[in-house]
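Heads up, the thing below is written out as structure tokens.
Protein chains in written order, with my numbering: chain C, 1 to 669; chain A, 670 to 1338; chain W, 1339 to 2007.
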């Protein structure tokens, strides 16, 4: 089933801001012509239109929006309709300053910017529901409106008195008693014991930052605040038309909220992807964003929408580079390969003013349709039409990586090892990349949601510092049942309350792994150790070196230097029907490749193409199609074992010549 | 006519703080003896004397100041008299806290530091006028008092409620209606529409920083606030004696206010110049400060005063270096060469305490007159006496560079390309340097004031992002009339409201230039492109590379790599009687030299000396004198086409041997 | 006499937090067993126990603490008892927010963290005295309690209205009149004159930071505030038992308070030492911490206690490294060599939560006693038992370095030279290191306390910018009486009020040194000069180069370049019976060695061992024992002139083979 049942095709289009041009009907008319020319079939409307939709309190002006939707619809262009809560009007901030967020220093923000409302404010909730209801009543059953886009890029926390009080109530629900809270937060430390719920404030540089349990709970609470606000908007609009699905647009490497939890409250996952092409080897950028495409697909275990991307360049980085020829199509189809059912842009047309007036757009200030950007966008539109067979198709994975927001927060806050630089997400990316570059599909699961590990043959659990949700038992069962597990150092250390387990680590898994961890050494940026395999191969170990005591495991590789030279750094242990691997140190990128060569040998996981690919070329399978992607700046000739057909060109061959930054979408003949 | 009609000679002296030594009459007496010995003829008095001039509210004690002025006058030493508004007394801050500035976070400052009054505060205005009036009535007609020095190094903004209200009134005058303001500020973006003037606050990290039109207007308003305060003081003192001119001391690379606008309210431009000699190649420092001397001369198109410079070193840099032998005279005469009618120092004598107790002074804590510094200062005094013929003389230029504060602000704020690193001022300096090192005199004009372009044969307009004041028509007429124009990339993009022009760029000049700009690529610090000329010469392009579409222009050079290899990066277009050049990319320093070789070929602009000079040696003409300056650390032998006389030594020759950091002032025989 | 008369042996143990484990009697029982096994004989208790000792206002629960003390005592383990003022309970912050500190921005802190009370708050004083009295009445005469540990790691300032008022009163006592204050603070500068005591606020980024006299006085006042609070606690507990000594635990390179002054109020100096082993050459780390051990011994001219150190690693650095085998014993005995009568740890057992849950501990989360850390700790316990002869022994020094907190503050604040980077402490360390690596014992004295210079044969006074306490006369007398003095550049510049002396510098010592200083040049990081000796040896000069005018001194070395090439940079002058040396520039580390070779030649100061030692090996004498320390990662064979006995191993020999990071404690046979 399609994410947008009313329009079950690849969406192509993006954010459209006609509200900035209402005094220029000529331009609004021209927009529709240009959209048709660019093979655009769907736009997002109304994201920042509150001031125009409700120019004064309680006075709604929706006609202009209706006219835009209708005109687009007449040309077959669908609308993703936004609720405008991403930025409230000035009159509201003036009359009800409590809608403004309070920062971590307990200072109320002044009016300005965006994405900074207080999610607790009753008046903000009331105003949001009213405008949302008005929009829904007018547009929710419009045939052109295919999806709700709730608010925009939700982020951050509010520290106002109301949110503080909600935090305390949240804590009361979680812990019941202050004794339980004091135990979980280990308040015996530094005399932090609470004797009255009212003593508790959120973590702040003005007060308490050393209570890690509190900081972790604040993140959980902030996630719940955001989810509560999403549900408030969702329920408001779906009360009018329960059939119209909702999404919120998520972000890259986002930290503030647990996206696995948040995804439960929306029908469709969508996200905004802005890779920084041409700033480092493209394959690294591709890995970074490919992983997040997989993450977005995994959040709800279904396809997702690429809600924003740039048709040319962005304007908010320090160095804003153009995409070179080919890269726009390649980057767009990478998203599709990993599960996207859309290629949407920010933005259709550059505004004349505002902080994003120079953000890339399909239509530049020149208004021309003969620009390189316009041609490239048209090319993507055409390509998507040719790929309709892939629309809605799943990505089938036999490998799963555990990635958990709560573990991430705990590692980012941990006061140990490389404090503030534990690189959990980077480490997960490094492991994902070893599978991706071999054409092996990967799902992500967090600790709460991984009830289906038996689907997989290989589970990777990098830096699994925190255990929660009984994950240690799930992993044990997975290995016992024949699965292969890879864990790494500093794992099984704390429980869900961020309290250290007593006894040997990794907690609950020492028998599965056949070892216990004794000491964690930390290396500076200019230090390294060596990983030595029995057959003479060597690798380089950096940053983290754990000293483990074998209890039945086999040493696959040992340390090469320091006082723990000769002790194992990579181990394997047969357990039940499966195998448990332990990587006690952090290898550099090349050395991690050697680890994966060892790990994958004998597993024979399915790969997108069973041919070796040149460095910088990757193949990703979605449904029946293989997306062959050339991230190098030179032509690449790829020989295949048997003929394929390129859905983009129609070419059938057993050898394809990809131009620089070229892509082919192959189906077996 | 002299800037200081009562004393039409080069001023030599500087800031004198006898108020710190009133309990040491021996030292005050010694000061006058030492001044005479050092050939000092003018001091600045009373800059920070408010607490002493008005020790309690309404009680004025001016006698000590009168005695100082008189004693100096008896020895022929003139006084530049300051108004003391640069730092108010503690009693005023205590009784009227509203005189203290409010910062951008809306926090009222506490008492302390300097240059931080609220320019709107009625009580501060009243107190300032009262002390200024008292000073004027006592001293404005004193024969020794030759100039008013209003306040000190004016800078910054105030965010207090009064200033906020004045901002709103200023906006009402500028825009008339909120509709006009909303249009100019493009408030359709991010739902920023204002519906009540009271909703508007100044740009602040606590509220709004993404409204670029607002930020630009805040700079204009701050300039007007400062000008209004200057006029308040000027009118107060000139009400007593309309004949006595006023100055304010300006600063290097100053950003906060539009100096071209501000200069309209003062009679004399003066500035404080502190080159960081001996920290990089001296010629770079000389270029940096030489340009600002030219800028100061251009502000009112007349000579200026060097109001502050150090006799030895400063104390407020991270590494405070001594000037090597020779550099003090050379640096002082550089100012004179570019139009200064003075060499004034901060400071005459080091105080025993205070944050500037180690700032270089003519007289050190030792009190000695046999120090190297004292000797060097005396040498400058003697030199100025020999150069009296140059006093008041103009610098004649046939070349003009456009430098515009509003364009600068817009580029510094622009959210695009190399965001926050557009280097407008650095780019202008680079272009200025190519002319300066060839001995070609240059004026600066801003967009508002350049009504006289027909005076020039060459106009350079680097990074002319914003067009205002009809500059595009002025440039068109200039070229049409036979002038040569050089423009560079990212020009003609926005109007005075910082709103992008619709249609092709550079707006209004595509026919003059014979091209349109299509895309602006941005390079990282480790990237470059190549500039290739038809004759094989090459240059290196960095940071900004614009892709242009020729429409009649001739490609003088093309890009060497990337997908736009072969497309023009330097073009020439005949238009009317003149020529319009376009430099689409940013060359490195050496490559800009090649561009100027091309540009200047055939223009035959007059040069200070028609001989090639060694690297690091420059010649600058003022009036009939040529200042030959050796910024290298070695002796340089300069052969001339015919004999000159060195006004400093009296030597007549056709060859001069300049010592390291040496200078000669040549007149043709 | 012992620092802890009730228990006159080396203390071995550390911070123990049973309060975090009161619900785990099994663990508390296990702790005692493990302590005995580890040869632990003393713990610190109650440092952060206030919330547990007084769970609600006025309700004291001391029984749990009594039980712990008793149980330990039954096993021979002594207690250092803390007062809990390092962190107040939440109920107190809630009911009396005035106990919370106000920061330099005049913002009251919220509850959280530690070491942040207001020292002026009457209610905090009252509550502290009450809990201290309760603890004293219960435990001060307990046979196991051997020392009071007042508060914890005292630091910082409070800017609340009460502290501000105390600052004004402190100033009134210091200066008597505003005229005197205005003179001392040189308020003629920038119109800063005060006319009402109430106008004075502490130095703050929100107000005044440019009044250096004020900033200096604020440091003196903050020291006095801290001392006053220490005396408040000391007098409270000693009112119950005057015999029980008190300590406060001091810190490395600590800036906020004058430790020489503060030490007057305590009976025993103790400190917390956390060397960052294995991050740079170990000998540099050893020098850094060895110097601070000597400093701690010098504060009261008696042995001190090492109150905290880590048994393995810390958790609060960016890179937290394990100590390699051998380093724990070596590092512990380094403290003993320089005068420590203890080796105490933070912490006995890792907590399950809290910001320090991963700080190294004797007992890890695993609870094991077979870890490397546990074995290393046990080794130290055994070693201390073998060294009992050294307990309480003095370090005899014939060399003294002047190190003065007020001079340090003045140099850190100075607005000159390398502003903010004067490296006073680093410079002192560099000089100390030259003596230490030659086996020469060194005392420190500050300017106030150096009434006993005649004890020494050599006095080093690096960067003696400020003269106070008549030090110039003391130094003159010292040299006159036959002593050797080494001074360096930028000395004798300001008086106790931070006001420059008038006349030649170094003030009061030009005749002793036979020179005057004229100019101070400052070099950037990429610049250097040369130091040339008559015999051809050369050195490298960096950062600071003073130009001096000889007045009778002999040039030992001269500058090699710049305009002051050939002028002296190292001089010697015979004065009275002694010699005064002046080092006008800053040599790099190797070149300072050459200076010391010259300086020490002929002085024949006693050395710990009269044999040359390999690089990285040092010998330090305490009492009759010589601690031979190998800071290299390789074995070192040390030949001695005659047989010694190693107190650790009992080995007697004239040659010792030290393993990597090995240590021997030698006594002559």
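Idealized CB from N, CA, C, for every residue including glycine. Bear in mind the structure is a predicted one, so any value in this text is a computation, not a measurement.
query: Three CB pairs or more closer than 8 angstroms across the region 1587-1597 of chain W and the region 1624-1635 of chain W; result: yes
query: Contact set for residue 927 of chain A: own chain, Cβ-Cβ below 8 angstroms, skip 5 residues either direction; result: 888, 889, 892, 1074, 1075, 1115
query: Cut-off 6 angstroms between Cβ atoms - residues of its own chain near residue 580 of chain C, not counting five sequence neighbours on either side; result: 479, 485, 512, 513, 573
query: Residue-chain proximity (residue 1690 of chain W, chain C), Cβ-Cβ < 8 angstroms; result: yes
query: Nearest-angstrom beta carbon gap, residue 1101 of chain A and residue 1070 of chain A [assumed within contact, 8 angstroms]; result: 6 angstroms
query: Collapsed DSSP secondary structure at residue 2006 of chain W in the structure displayed; result: strand
query: Option in W:1969, W:1844, W:1975, W:1970 with minimal Cα separation from residue 1921 of chain W; result: W:1844
query: Extent of the continuous beta strand (DSSP E) to which residue 1822 of chain W belongs; result: 1822-1826
query: DSSP three-state assignment for residue 547 of chain C, whether helix, strand or coil; result: strand
query: Cβ of residue 321 of chain C within 8 angstroms of any chain A Cβ; result: yes
query: Status (buried if at least 16 other CB within 10 Å, exposed otherwise) for residue 429 of chain C; result: buried
query: Three-pair Cβ contact test at 8 angstroms for the region 703-719 of chain A versus the region 1515-1532 of chain W; result: yes
query: Members of the region 106-127 of chain C near chain A, C-beta cut-off 8 angstroms; result: 107, 109, 110, 111, 112, 113, 114
query: Given 8 angstroms, three or more beta-carbon pairs between the region 824-835 of chain A and the region 762-780 of chain A; result: yes
query: Length at least 4, wholly inside the region 149-217 of chain C: the alpha helix (DSSP H) runs in chain order; result: 161-175, 178-184
query: Sequence ranges, beta strand (DSSP E) only - wholly within the region 272-357 of chain C, length at least 3; result: 305-308, 342-345
query: contact_flag[the region 1278-1288 of chain A, the region 1301-1317 of chain A] where n(CB pairs < 8 angstroms) is 3 or more; result: yes
query: Own chain, CB closer than 8 angstroms to residue 650 of chain C, minus 5 neighbours either side, in chain order; result: none
query: Backbone CA spacing between residue 534 of chain C and residue 570 of chain C [nearest angstrom]; result: 11 angstroms
query: Supposed close pair residue 1053 of chain A, residue 1111 of chain A - CB separation, criterion 8 angstroms; result: No, residue 1053 of chain A and residue 1111 of chain A are not in contact; Cβ-Cβ is about 24 angstroms, not under 8 angstroms.
query: Opening and closing residue of the alpha helix (DSSP H) in which residue 591 of chain C lies; result: 589-600
query: Partners in chain W for residue 418 of chain C, counting only beta-carbon separations shorter than 9 angstroms; result: 1656, 1657, 1658
query: Proximity winner among W:1472, W:1671, W:1639, W:1998, relative to residue 1422 of chain W (alpha-carbon distances); result: W:1472
query: Exposure of residue 1884 of chain W, with buried meaning 16 or more beta-carbon neighbours within 10 Å; result: buried
query: Of the residues C:238, C:365, C:387, the one placed nearest residue 265 of chain C, counting alpha carbons only; result: C:238
query: Beta-carbon proximity list for residue 1246 of chain A, same chain, < 7 angstroms, skipping 5 on both sides; result: 1149, 1150, 1151
query: Chain C contacts from the region 1388-1410 of chain W (Cβ-Cβ distance under 8 angstroms); result: 1388, 1389, 1390, 1393, 1394
query: Chain-ordered neighbours of residue 758 of chain A on chain W, where CB pairs are closer than 8 angstroms; result: 1529, 1531, 1533
query: Counted within 10 angstroms of its Cβ, other Cβ atoms place residue 603 of chain C as buried (16 or more) or exposed; result: exposed
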